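Please read the structure below before turning to the comments.
Residue numbers (the numbering used here): 97 to 169.
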């Protein structure tokens, strides 16, 4: 069906990892940062190939990082 329509499959996978204090620790202000990633895959000659990857990093503010550290005390 794709070939007939002149189309090719493309897969886009995205996700992120975040650092937060646990809910049982009672702080919702703490934040340790985030890394987001997105990758695009295509098919070339019958094999899956990576067409590109993007990674974004979000740093916490000084206040957010301090709130995260204060939870452990």
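A virtual CB, placed ideally from N, CA and C, is assigned to each residue, including glycine.
What you are looking at is a predicted structure, and each value in this text was computed from that prediction instead of being measured.
| Check | Outcome |
| --- | --- |
| Host beta strand (DSSP E) of residue 155 (start-end) | First-last for residue 155: undefined, no H or E at that position. |
| Contact the region 152 to 162 vs the region 125 to 144: 3+ CB pairs below 8 Å | yes |
| Cutoff 6 Å; reference residue 256; Cβ partners in own chain excluding five residues on either side | A query on residue 256 cannot be resolved here, the shown segment of the chain reaching from 97 to 169 and no further. |
| Selection from 163, 160, 149 and 166 that minimises the alpha carbon distance to residue 107 | 149 |
| Candidates 116, 140 and 135, of which the one nearest residue 110 by Cα | 135 |
| Cβ-Cβ distance between residue 125 and residue 163 below 8 Å | yes |
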